[in-house]
Each structure stands twice: as structure tokens, then as C-alpha cells.
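S.K.: Sequences listed follow chains L, Y, D and Z, in order. Residue 1 is where the first sequence starts when you use full-length UniProt numbering, and the numbers rise one by one after that. Residue 1 is where the second sequence starts when you use full-length UniProt numbering, and the numbers rise one by one after that. Residue 1 is where the third sequence starts when you use full-length UniProt numbering, and the numbers rise one by one after that. Residue 1 is where the fourth sequence starts when you use full-length UniProt numbering, and the numbers rise one by one after that. Glycine included, every Cβ here is placed at the ideal spot set by N, Cα and C. Take this structure, written in C-alpha cells, and hold onto it; I'll ask about it next.
There are 4 protein chains.
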Amino acid sequence: MSTVTAALKPRKSPVQARSAATVGALHTATIQVLTQEGLSRCTTTRVAERAGMSVGSLYQYYPNRDALLAAILEKHLDSVANAIERACHAHRGKPVCEMASALVTAVLAAKLRDPEESKALYAVAGDRGGAALSARGHARIVVAIAAMLASAPDARFDDPATTGTIAFGALIGPVRAWLEGHAEAGFETRLKDHLVRLLTAYLQTHRSRP
Amino acid sequence: MSTVTAALKPRKSPVQARSAATVGALHTATIQVLTQEGLSRCTTTRVAERAGMSVGSLYQYYPNRDALLAAILEKHLDSVANAIERACHAHRGKPVCEMASALVTAVLAAKLRDPEESKALYAVAGDRGGAALSARGHARIVVAIAAMLASAPDARFDDPATTGTIAFGALIGPVRAWLEGHAEAGFETRLKDHLVRLLTAYLQTHRSRP
Amino acid sequence: MSTVTAALKPRKSPVQARSAATVGALHTATIQVLTQEGLSRCTTTRVAERAGMSVGSLYQYYPNRDALLAAILEKHLDSVANAIERACHAHRGKPVCEMASALVTAVLAAKLRDPEESKALYAVAGDRGGAALSARGHARIVVAIAAMLASAPDARFDDPATTGTIAFGALIGPVRAWLEGHAEAGFETRLKDHLVRLLTAYLQTHRSRP
Amino acid sequence: MSTVTAALKPRKSPVQARSAATVGALHTATIQVLTQEGLSRCTTTRVAERAGMSVGSLYQYYPNRDALLAAILEKHLDSVANAIERACHAHRGKPVCEMASALVTAVLAAKLRDPEESKALYAVAGDRGGAALSARGHARIVVAIAAMLASAPDARFDDPATTGTIAFGALIGPVRAWLEGHAEAGFETRLKDHLVRLLTAYLQTHRSRP
DNA sequence: CATGAATGAGTCTTCATTCAT
DNA sequence: GATGAATGAAGACTCATTCAT
């Protein structure tokens with residue numbers, strides 16, 4: 001994530017089964033090294049070793065370290081964005097409180113499926129090149145939420161984009177706090193309830209008076 | 001921020017005027033380099049150069065790179081925590097909606113006083129050594145919020161700590177989104193309103209029925 | 001030789017032919033730099049340069065400067081200790097004067113095979129980490145000598161360990177003086193004779209009277 | 001002891017009482033730092049600090065680090081050489097066995113007066129600039145011993161210089177072994193006896209047959 | 001004079017990347 | 001294609017030395 005823009009694309013698409021397995025191994029290995037050693041010690045050699053291959057092979061799949069990190073971050077962000085887009089799409093036209101509940105569920109499912117991964121990638125997202133990817137993912141999500149909100153039958157959102165940004169931020173904040181360990185024991189058992197309450201209350205603020 | 005705990009203390013306190021200036025210059029320079037180059041390119045050489053001094057001087061005040069970063073992060077976190085503690089203290093016993101408004105004001109004031117700094121330090125907070133400091137700051141804040149909430153005359157919080165964590169996370173999430181540029185133009189003009197509405201709605205969820 | 005104990009082991013054994021050559025080149029280069037520049041100027045860069053390779057390659061074989069120096073010192077000390085152990089073993093039960101002669105021969109052969117190396121390594125042996133290795137080598141040698149002495153048919157040594165220490169020290173002292181250049185021209189032609197005389201006389205001091 | 005030749009002279013002679021005290025403090029401090037930290041970590045700052053003064057003051061007395069080390073080594077070597085010269089002078093014309101005893105006594109007294117110092121200075125003597133000083137001291141000592149030996153009434157030394165070198169080396173070897181810790185517990189109680197025996201036996205080897 | 005902050009060249013060490021085998 | 005040794009630029013950190021106060 002050091003250089004800024006170009007040449008971050010993976011070198012080959014995993015057309016063959018072997019490639020897919022290899023790329024998967026690299027993905028897993030990267031997350032592990034990231035988690036155990038931190039971004040700055042997440043070196044190509046270490047990743048390759050953990051993935052059971054040589055550095056040379058890693059470079060067969062990614063043109064450089066940043067591309068590897070970007071690919072993994074992108075995959076994560078895409079999967080999160082996809083999940084949220086799907087949920088938003090599925091709840092267009094539903095009452096606001098169902099939207100809130102669905103959104104919370106989708107966010108938690110996406111972010112807590114692999115907490116290690118989610119947490120590890122924050123560092124990647126922060127360092128230079130990751131910012132652009134994060135921005136893109138964030139934008140997709142906000143657009144999806146805004147569209148869903150705009151379709152609510154029982155509320156009127158003057159500025160769905162802003163409300164979407166606030167809503168997503170309000171969910172992500174506590175999730176991130178938990179991922180980063182800033183939370184009391186047992187916090188995650190109450191997390192969903194509180195987020196639903198939080199989001200529902202916020203969205204109902206926009207309820208239209210008949 | 002690579003090493004874990006020890007030896008992160010500054011070397012000398014800036015007692016003399018010249019020293020104070022030097023330390024201040026280092027502080028500013030670090031934020032600038034962090035902002036413009038990113039954490040991984042925030043090297044001691046670059047910071048010293050930006051601060052208009054030699055590396056040697058930097059090392060006169062901080063025993064290593066991590067200590068420099070930690071010092072700056074700590075200062076920031078402390079100031080944020082102090083501000084929030086102060087606000088929480090001042091609004092004990094007030095109605096929930098006043099608490100909400102005061103908390104939003106305090107958080108925004110603290111985080112947006114120097115947006116560059118706030119943003120730059122996220123990377124530092126994520127990298128190994130910064131996590132511990134963040135955790136400490138976060139804990140102080142949550143404790144302060146919880147204490148304030150517990151004193152509300154018009155609401156009853158069964159689990160003030162959890163509510164505090166959620167409340168703070170819900171505020172920080174959108175603020176961070178904006179700091180990191182994931183927000184539409186003009187977002188910040190609406191930010192405060194939305195956050196007050198968000199937080200008030202959430203807290204009033206706990207209103208006691210007489 | 002600055003750090004005290006751990007992590008002084010070489011990184012990979014030179015299994016392949018190329019590796020063996022590389023390690024050999026490092027060995028030779030280190031001795032040369034040590035001789036021509038002294039311990040404090042025996043830097044990894046200079047050694048690598050002299051060996052005709054890059055610093056990186058040096059670090060492929062040794063984890064740090066001290067490990068490189070330790071490896072070379074250890075090899076030298078081991079070869080000296082081995083030679084002396086062999087000589088002592090071979091002369092068990094022989095008359096004291098044969099022992100003396102054999103010991104002198106062994107010490108001189110071992111220390112003067114490569115005088116440059118012997119001399120260069122004195123500095124390494126003195127600096128922190130080298131002391132432990134030296135102590136070990138010295139101990140092995142004294143044990144070997146003591147065992148040989150204890151087996152003498154024509155003498156009785158009440159305290160073979162002490163006598164061994166004195167004997168070895170008495171040989172090493174003049175050898176070192178010569179290696180370090182503190183000796184008149186032509187000294188080495190007379191060295192062996194004098195050492196044999198010295199050691200024989202000393203050991204016969206312990207001759208048992210029938 | 002890194003640079004080779006020039007500018008190693010102290011800057012001012014300790015004419016005033018204060019100077020003498022200062023120089024003495026530096027001397028002591030240097031030995032302490034040398035002993036506790038090793039040559040490579042024996043920095044001017046540390047020495048000055050230990051001596052209770054600022055680096056600047058140190059540089060008032062010595063033009064550079066090497067000069068400081070050289071001065072201290074030279075002082076030590078001179079005092080050893082002086083003591084031995086005195087002993088040798090005092091025993092001219094005496095029987096060989098008295099010479100041997102006197103020489104051992106002188107060497108031990110000189111080298112073991114301050115064992116820490118003796119040991120610490122070996123590193124200094126080994127690193128570049130120290131070699132020349134050591135050579136000079138060694139030469140003085142050998143000359144003195146040779147002159148004494150040549151005056152023996154009961155022996156004839158064909159080559160007093162060589163015998164002197166061997167004799168001194170044979171004493172220094174075991175002493176050094178002890179100083180460096182390569183010796184069994186209680187070794188020093190037996191050291192003198194053995195050295196006297198060693199040297200007497202060696203020298204009497206040259207006894208003239210009437 | 002003493003002080004000690006500032007300097008910056010010089011060390012050690014790591015790591016992304018290449019390429020001969 | 002895979003491998004992993006070699007490269008060397010770049011970063012962290014130290015320390016001899018100077019000089020303004």
C-alpha cells in the first residue's frame with residue numbers, strides 16, 4: 001500500500017484450479033501474517049512461506065506487494081458491499097424498521113464472518129493505496145442504503161445520501177470498536193440489539209407525519 | 001508502532017524554550033508527513049527534515065520512531081478524552097437530550113479541531129503499539145459517558161457501559177467516514193444535526209415511563 | 001560481539017556448492033578486514049564488499065554482525081582445541097618430556113598455521129560475545145592437558161588443572177607476543193626450542209623422586 | 001583507537017589541582033565504562049557522564065576519543081613497564097633464582113593491582129592505535145629483563161632478548177588467562193608459586209656449567 | 001570556562017524485487 | 001514453472017565532535 005496508483009492488478013486470473021488454490025493460500029497467509037506480525041512486518045517472503053510457496057511464485061500472481069494487499073482488501077470490501085447491496089435491494093419498499101433490522105444483520109454478518117480478517121485489513125485500508133478502495137466500497141454501500149431508504153413507504157428522507165452515510169457510520173463505529181478490542185466482555189452478545197435499536201430510532205426520526 | 005510496550009517514553013521533557021520549540025516542530029512535522037506520505041513512509045529522517053532539524057535531534061527527544069508516534073497519538077487521545085470527560089462531567093443529572101447534544105458537541109469539537117491530525121493518527125492508532133493507547137483512551141471515554149448516562153433523571157440505563165460504547169462508536173463512525181473523505185460534499189454542515197438526532201433518538205429509547 | 005548470548009547461530013549451513021563458496025569468501029574477507037582495519041572498522045558492509053558480494057548476501061548466512069564474528073572465532077577455537085586434544089590424547093602415558101614437546105608442537109602448529117587469522121581473532125575474542133567462546137575453548141584445552149599430565153608415568157601432578165592452565169598460558173603468551181609483532185626479527189626460529197625448554201623444565205619440576 | 005597516528009596527545013597537562021582531579025575522574029570513569037559496557041559502547045558521552053562532567057569538558061582535556069583511550073592505556077603500560085624496570089634494575093647481578101622470583105613478584109603486583117583495569121585495557125590494546133603503545137611497553141620490558149639476565153653471575157644467556165621475551169610472555173600468558181576468567185576458582189592463590197617455579201626452571205636451563 | 005543540544009556521517013539490518021538454475 | 005539466492009536502496013539508530021549560550 002505504499003505506491004499510489006498503477007499496477008495493482010493481479011497478474012493472472014485464477015482460471016485453473018491450481019491457480020485458485022494458490023491465490024486462496026496467499027489470501028489466507030496474508031491475513032495470518034497481517035494479524036500476527038502487523039502490516040509493516042507483513043513481507044512478501046513471510047507471506048509466501050506461510051502459504052507454502054516461494055517468493056518467486058507469489059510474484060507470479062501479483063506484480064508487487066501492494067497489489068497483493070490491494071487484492072485482498074478489495075475482495076473483502078467487495079464482499080461486504082455486495083452483501084449490503086443485496087440486503088438493501090431485498091428490502092426496498094419495506095417499512096423503515098425492517099430496513100434497519102436487515103441492514104444491521106447484513107453489516108454484522110459481513111464484518112463478523114471473519115473478525116480476524118476484518119480487523120487485519122483496517123491497517124491496509126489506512127495505508128495510502130487502501131484509501132481509494134475503501135472510498136469506493138463506502139460509496140457503493142451508501143448508494144445502496146440511500147436507494148433503500150428512498151423507497152421507504154413510511155418515511156421521507158430529504159437527504160438519503162447523508163442519512164445513509166450516518167447510518168452506515170453509526171453501525172460501523174461500534175463494530176470496529178469491538179473488532180479492535182475496545183469493548184467489555186460480552187459486548188458482542190448485546191451488539192446486535194443495540195444497533196437495531198440505534199438505527200431504528202434514528203431512521204424513525206424521519207418518519208412522515210400523515 | 002511496531003514494538004509492543006516498553007521504551008516508548010520521550011527522552012526529555014521540553015523544559016527550556018528551545019526544547020519546547022523543537023518538540024513542537026517535531027509534532028507538527030510528524031502530522032504533516034503522516035498526512036502527506038502515510039505511516040509507512042513516515043520515517044524519522046523525513047520527519048526530522050520536515051521539522052528542519054537533523055535526525056540526531058529527533059533522537060534527543062524520542063528514543064525511537066515508535067515513541068515519537070506514540071507521544072503524538074497519546075497527546076491527541078488525551079485531549080479528546082479530556083474534552084469528553086469534561087463535557088460528561090458538566091452534564092451529569094441533565095436530561096438525556098441535553099446529554100446527547102453536549103456529547104456530540106464535545107466529540108465534534110475534539111475531533112474536528114485539527115482534522116488533519118485526527119485523520120493522520122488513525123493509521124498510528126491501528127499499528128501495534130497504538131492499539132494499547134487507543135484502548136486506554138476509549139476506555140476513559142466510555143467510563144465517562146456511562147457515568148453521565150447513569151445520572152440521567154429521565155432515563156434508566158440497565159447497562160450504561162454498553163450504551164456508552166455504542167453511543168461513542170455511533171458518533172465516531174460517521175466522523176471518521178468524513179475525516180477519511182468518504183462523504184459527499186457539504187456533509188459536515190449536516191453532520192452535527194444528524195448526530196444529535198441519532199444519539200438523542202438512541203438514548204431516548206431508554207426513557208423511563210413514569 | 002556486542003550482544004551477549006543469543007541469536008549468534010549462522011542462518012543456513014552451506015549445503016550447496018555455491019553457498020559453501022559464499023561462506024568461505026565471507027570467512028576470508030572477515031579475517032582480512034579484521035587484520036587491515038581492526039575490529040571497530042570491521043563492518044558488515046566492508047566485509048561484504050571485500051568478499052565481493054552485497055550486504056544482503058552476508059545476512060543470508062548470518063543473522064547479524066556478531067554471529068559472523070562468532071562463527072569465525074568459534075571455528076578457529078575449535079580447530080585449535082581439536083588439535084591440542086588430539087595431541088594430548090596421543091601422548092597419554094608418555095614421559096613428561098615427550099608430552100612437553102608434543103604440546104608445544106601442537107600449539108605452534110595450530111596457532112601459526114594462519115598467523116593473520118590467529119592475530120585478527122584476538123580482538124574478537126576480547127569483545128563481549130567472544131569471551132564466552134574463548135572460555136569454552138580454553139576449558140577444553142586445559143582439561144585435555146590436565147588429563148594427559150595425570151597419566152604421566154614419571155611425574156606426579158597434585159593439581160593437574162592448575163598446571164595445565166599455567167602450561168598453556170606459558171606457551172600462548174610468547175606465541176601471542178610474536179603474533180602481535182612484539183618480538184625481535186628471527187624470533188620465530190628460536191621460538192619452538194625455547195618453548196620446549198620452558199615447558200619441559202616446568203613440568204619436570206613435578207617429577208616424582210623414587 | 002580507530003584512527004592510526006596523530007593527535008593522540010592530551011590537550012593540557014594537569015598542572016592545576018583541579019585538572020589533575022578531572023583527569024583522574026576521566027581515567028576512572030573510562031575504566032568503569034570499558035568494564036561495564038565494552039569498548040564499542042565506551043562513548044565519550046558515557047565516560048563524561050560517569051565522570052560527572054559534560055562531554056565538552058572531556059574534550060577540553062583530550063582532543064578526541066582515541067586520545068583518551070590511548071592516554072589511559074599508555075599510563076597503564078608505563079606503570080607496568082616502570083615497575084618491571086625497577087625490579088630488574090634492583091636485581092642485576094643477583095642469582096638467577098632471585099631474579100625469577102623478583103620478576104614474578106613485579107609482574108603480578110603490576111598487573112593485579114587493579115585487575116579490572118588490566119582486563120579492560122586489553123580491548124583497547126587490541127584495537128588499532130593500541131598496538132603501537134603495547135609494542136613500546138613490551139619492548140621496554142624485554143630490554144629491562146634482558147639486561148638483568150645478562151648480568152646473572154650463575155648463568156650465561158646467549159640470547160637475552162629472546163629469553164626475555166619468552167620469560168615475559170610465559171608470565172603474562174597465565175596472568176591474562178586468569179584476568180579473562182579462564183581459570184578455576186582459587187587459581188590465583190597458586191598462581192605465584194607456579195609462575196616462580198616456571199620461570200626459575202626455565203632460566204636455570206641456561207645455567208653455566210663450571 | 002562549562003554545558004549539552006545539534007549535527008550528520010556511518011552502522012546495522014530488512015525487504016521488495018529479479019533472475020540464474 | 002518453481003525456486004530461493006543475490007541485490008542494494010532505504011530505514012532506524014548511534015555517537016564523535018562542535019559551538020552557541
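Relative to the C-alpha of K75 of chain Y, which residue among Y:V96, Y:R50, Y:V23, Y:T35 is closest?
M.R.: It is Y:V23.
S.K.: Any chance the CB of A109 of chain L is under 7 angstroms from a heavy atom of the ligand MG?
M.R.: Summarising the ligand content, the structure contains no ligands, and the ligand MG is consequently not present.
S.K.: Could you tell me the alpha carbon to alpha carbon distance between A20 of chain Y and L34 of chain L, rounded to whole angstroms?
M.R.: Their backbone Cα atoms lie some 37 angstroms apart in a straight line.
S.K.: Going along the region 170–193 of chain Y in order, which residues come within less than 9 angstroms of chain L, judged by CB to CB distance?
M.R.: Here the close residues are A170, L171, I172, G173, P174, V175, R176, A177, W178, E180, G181, H182, A183, E184, G186, F187, R190, L191.
S.K.: Can you give the Cα-Cα distance for G130 of chain Y and A70 of chain Y, rounded to whole angstroms?
M.R.: For G130 of chain Y and A70 of chain Y, the distance between alpha carbons rounds to 6 angstroms.
S.K.: Do K192 of chain L and L103 of chain L have their beta-carbon atoms positioned less than 8 angstroms apart in this structure?
M.R.: No; because the gap between Cβ atoms is not below 8 angstroms, this pair is not in contact.
S.K.: Classify A155 of chain L as helix, strand or coil using the three-state DSSP reduction.
M.R.: DSSP places A155 of chain L in strand when its eight states are reduced to three.
S.K.: Assign D66 of chain L to one of two classes, buried (16 or more other C-beta atoms within 10 Å of its C-beta) or exposed (fewer than that).
M.R.: Its Cβ being crowded by 16 or more others within 10 Å, D66 of chain L is buried.
S.K.: To which residues of the same chain is S57 of chain Y closer than 7 angstroms at the C-beta, ignoring the five residues directly before and after it?
M.R.: Counting only Cβ-Cβ distances below 7 angstroms, and skipping sequence neighbours, we find T22, A48.
S.K.: Could you name the residues of the same chain whose beta carbon sits closer than 7 angstroms to that of H91 of chain D, not counting the 5 residues immediately before and after it, in chain order?
M.R.: Hits under 7 angstroms: E98, M99, A102, M148.
S.K.: Could you tell me whether any Cβ in chain Y is nearer than 8 angstroms to the Cβ of R209 of chain L?
M.R.: At R209 of chain L the pLDDT is 40, less than 50, meaning the model places this residue with poor confidence and gives no usable figure here.
S.K.: Ignore the nearest five residues each way along the sequence and tell me which others in A106 of chain Y's own chain have a CB closer than 6 angstroms to its CB.
M.R.: Here the set comprises A83, I84, A87.
S.K.: Excluding five sequence neighbours on each side, which residues of the same chain lie with their C-beta closer than 8 angstroms to the C-beta of T189 of chain L?
M.R.: Once the five neighbours on either side are set aside, T189 of chain L has no close Cβ partner at all.
S.K.: Mind checking the region 119–137 of chain L against chain Y and listing, in chain order, the residues whose C-beta falls within less than 8 angstroms of any C-beta there?
M.R.: Per Cβ criterion, the list reads Y122, A123, G126, D127, R128, A131, S134, A135.
S.K.: Within 10 Å of its beta-carbon, does P160 of chain Z have 16 or more other beta-carbons around it, so buried, or fewer, so exposed?
M.R.: Under this definition P160 of chain Z is a buried residue.
S.K.: Tell me which residues share the same chain as H206 of chain Z and place their Cβ nearer than 6 angstroms to its Cβ, disregarding the 5 neighbours each side in the sequence.
M.R.: For H206 of chain Z, where only same-chain residues beyond five positions count, the Cβ hits under 6 angstroms are A155, F157.
S.K.: Go through its chain and collect everything with a Cβ distance to P210 of chain D's Cβ below 8 angstroms, but skip five positions before and after it.
M.R.: With a pLDDT of only 38 at P210 of chain D, under the threshold of 50, the placement of this residue in the model should not be trusted; the figure read from the coordinates follows. Cβ within range, chain order: n/a, list empty.
S.K.: Report the rounded CA-to-CA distance for A139 of chain Y versus G169 of chain L, giving the unit in angstroms.
M.R.: Computed Cα separation, rounded: 20 angstroms.
S.K.: Sorted by chain position, which residues of the same chain lie with C-beta nearer than 6 angstroms to L171 of chain Y's C-beta, five sequence neighbours on each side aside?
M.R.: V107, L195.
S.K.: Give, in chain order, every unbroken run of the beta strand (DSSP E) that is at least 3 residues long and sits entirely within the UniProt domain "HTH tetR-type" (20–80) of chain D.
M.R.: None, since the UniProt domain "HTH tetR-type" (20–80) of chain D contains no complete beta strand (DSSP E) of that length.
S.K.: Can you grab the Cα-Cα spacing for the pair E37 of chain Y / P115 of chain L, in whole Å?
M.R.: Straight-line Cα distance between these residues: approximately 28 angstroms.
S.K.: If we ignore side chains and look at the alpha-carbon of each, how far apart do V80 of chain Y and A125 of chain L end up?
M.R.: Taking the straight line joining both Cα atoms gives about 24 angstroms.
S.K.: Any beta carbon from chain L within less than 8 angstroms of T105 of chain Y's own beta carbon?
M.R.: Not an interface residue.
S.K.: Classify G164 of chain L as buried or exposed, calling it buried when 16 or more other Cβ atoms lie within 10 Å of its own Cβ.
M.R.: Buried is the call here.
S.K.: Taking 8 angstroms as the CB-CB cut-off, is A161 of chain Z touching chain D?
M.R.: Cβ-Cβ to chain D under 8 angstroms: yes for A161 of chain Z.
S.K.: Using a Cβ-Cβ distance under 8 angstroms, would R197 of chain Y count as near chain L?
M.R.: With 8 angstroms as the cut-off, R197 of chain Y counts as an interface residue toward chain L.
S.K.: Using a Cβ-Cβ cutoff of 9 angstroms, what residues of the UniProt domain "HTH tetR-type" (20–80) of chain D are near chain Z? List them in chain order.
M.R.: From the UniProt domain "HTH tetR-type" (20–80) of chain D, only E37, G38, L39, S40, R41 have a Cβ closer than 9 angstroms to chain Z.
S.K.: Find the residues of chain D that neighbour I145 of chain Z, judging by a C-beta separation of less than 7 angstroms, and give them in chain order.
M.R.: None at all; the shortest Cβ gap to chain D is about 12 angstroms.
S.K.: Less than 8 angstroms between the CB atoms is what I'm expecting for K119 of chain Z and L179 of chain Z, so what's the real figure, rounded?
M.R.: Right, their Cβ atoms sit about 5 angstroms apart.
S.K.: May I ask you to report which of helix, strand or coil DSSP gives R207 of chain L?
M.R.: Strand.
S.K.: Helix, strand or coil for E180 of chain Z per DSSP?
M.R.: Three-state DSSP puts E180 of chain Z in coil, outside helix and strand.
S.K.: Can you find a CB in chain L that lies within less than 8 angstroms of the CB of residue 225 of chain Y?
M.R.: Given a span of 1 to 210 for chain Y in the structure shown, any question on residue 225 of chain Y remains unanswerable.
S.K.: Looking at the structure shown, is G169 of chain Z part of a helix, part of a strand, or coil, going by DSSP?
M.R.: In this structure, G169 of chain Z counts as helix in the three-state DSSP scheme.
S.K.: What residue range does the alpha helix (DSSP H) around A131 of chain Y cover?
M.R.: Element bounds for A131 of chain Y: 129–150.
S.K.: Terminal residues of the continuous alpha helix (DSSP H) containing P115 of chain Z?
M.R.: Here the alpha helix (DSSP H) through P115 of chain Z covers 115–126.
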